[in-house]
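One structure is given here, and the rest of the page talks about it.
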Amino acid sequence: MAEQFDISDEMRAAVGVESDAWPVEFTSTGIRSFARGVGISDTVYYDVAAAHAAGYANLPAPPTYAGVPIFIPGLSDPVYGLPKRSNAPRLNHGLTNILDGGTEYLYDKVPVAGQTLITRSRIVDLEVKESKSLGKMLVVTSEATYSDEATNECYFRTRSQMIAY
Amino acid sequence: MMPNFAQVNVGDELPPVVKTPGRRELVLYAAGSGDFNPLHYDTEFPQAKAIGDNIVHGRMKFAVLGELVSNWLAHTGRIKTIACSYRGMDMQGATFTAKGSVVAKREQDGERLVDLEIYVENSSGARTTPGTATVALDH
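Listed in order, the protein sequences are those of chains A and B.
Just so it is clear: in the first sequence, position 61 is 146 by the numbering used here, and no numbers are missing.
Just so it is clear: in the second sequence, position 119 is 1342 by the numbering used here, and no numbers are missing.
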């Protein structure tokens, strides 16, 4: 438990810096795997015929599914599979434990299997909070966009809070 | 039954979704989501030992809230926004229930919008994962 923690100038410099663009794939296998992992029983997320009958061009992404970032060893995080922010300053906060704080998805369109969207993210806020059980915590708020760059359409945006303690 | 804007009323409840994910289910979720944080499957991981057990991925509970709304919509509309906060941990092997209800309905920019309160409740009745959603109905 951290008793003292401050946001350094180096950490503040990471706020607002947009990450490199990174491709995120929505595949039939990926969508089925996510739906199975959540325990969804709606066949629209598994069966292409059921998806067509429901009005989709292919298997739709289940709500909150953000696809699979293309994994490149050395460029992707081995635990989360997300691209490392290679062009942005790193948050070297030194805190060892991580929890999710909250998540928001704002949809314009639902991706379907066969699409590749481009995501870009940035840290929008850093805040130090204190909890009785966890001590001093760093709350990192990030935003990301997921767009089809060929058509210049944004499919959805996310806003999430990560807690390091 | 598919929701119809004229027949949707404030206070209507969504059919609940009940889950009891053990480590096997959390590994399945890790494979589907790409989140392989050992906190969710490794009993020897220091953070899990400090907490006392492996915990359910917050994002899995978020996805179950998505499933709750998707089941109710039955593909007769679309989710515009969905959000939640992870206020409390749910342990692997414990039962939780995703619930929701209609809190408002409105027409805006030609869309039939319904606002929902959604949440994950543990077996003690505590809301570990409160959230909101707004959907646009086709009819």
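The beta carbon of each residue, even a glycine, is placed where N, CA and C say it ideally should be.
Because the structure is a prediction, the values reported are computed rather than measured.
| Check | Outcome |
| --- | --- |
| Threshold first: 3 residues or longer. Then list the beta strand (DSSP E) segments lying entirely within the region 1272-1297 of chain B, N to C. | none |
| Cβ closer than 7 Å: which chain B residues qualify as neighbours of Ile125/A? | Glu1290 |
| Using a Cβ-Cβ cut-off of less than 9 Å, give me the residues of the region 158-189 of chain A that come near chain D, in sequence order. | Absent from the structure is chain D; the protein chains it does hold are A and B. |
| By the DSSP assignment, the beta strand (DSSP E) with Thr226/A in it spans what residues? | 220-233 |
| I'd like the list of long-range same chain contacts for Val133/A, defined as Cβ closer than 7 Å, with 5 residues on each side in sequence excluded. | Asn143, Leu144 |
| If you follow the alpha helix (DSSP H) that Arg97/A is part of, which residue opens it and which one closes it? | 94-97 |
| Helix, strand or coil for Tyr1342/B, going by three-state DSSP, please let me know. | strand |
| Looking at the structure shown, is Leu1249/B part of a helix, part of a strand, or coil, going by DSSP? | helix |
| With distances taken from CA atoms, which of Leu1339/B, Ile1278/B, Met1312/B is nearest Leu1296/B? | Leu1339/B |
| At 9 Å on the CB atoms, spell out the chain A contacts of Gln1331/B, in chain order. | Result: empty, since nearest Cβ-Cβ is about 15 Å, beyond 9 Å. |
| Taking Cβ-Cβ distances below 7 Å as the criterion, which residues of the region 1256-1287 of chain B are in contact with chain A? | Ser1256, Gly1257, Asp1258, Phe1259, Asn1260, Gln1270, Gly1281, Arg1282, Met1283, Phe1285, Ala1286, Val1287 |
| Count the CB pairs spanning the region 189-201 of chain A and the region 218-225 of chain A that are closer than 8 Å, and state whether there are at least three. | no |
| For a quick check, are the C-beta atoms of Ser245/A and Thr204/A less than 9 Å apart? | no |
| Taking only the alpha-carbon atoms, compute the straight-line gap between Ala1321/B and Gly186/A and give it to the nearest angstrom. | 18 Å |
| One question on the structure: do Leu1251/B and Gly122/A come within less than 9 Å of each other, judged by their Cβ atoms? | yes |
| Does any residue of chain A bring its CB to less than 9 Å from the CB of Lys1303/B? | yes |
| Between the region 1229-1248 of chain B and chain A, which residues of the former have a C-beta closer than 8 Å to a C-beta of the latter? | Lys1242, Pro1244, Glu1248 |
| Comparing the C-beta of Asn1294/B with each C-beta of chain A, is any distance below 9 Å? | yes |
| Which bits of chain A does His1298/B rub up against, with CB to CB less than 7 Å? | Val129, Ala139, Gly140 |
| Among Trp107/A, Gly152/A, Pro158/A, Arg117/A, whose alpha-carbon lies nearest the alpha-carbon of Ala136/A? | Arg117/A |
| Can you say whether Ile1341/B is buried or exposed, counting buried as having 16 or more other CB atoms within 10 angstroms of its CB? | buried |
| Would Leu1336/B pass as an interface residue toward chain A - the criterion being a Cβ-Cβ separation below 9 Å? | no |
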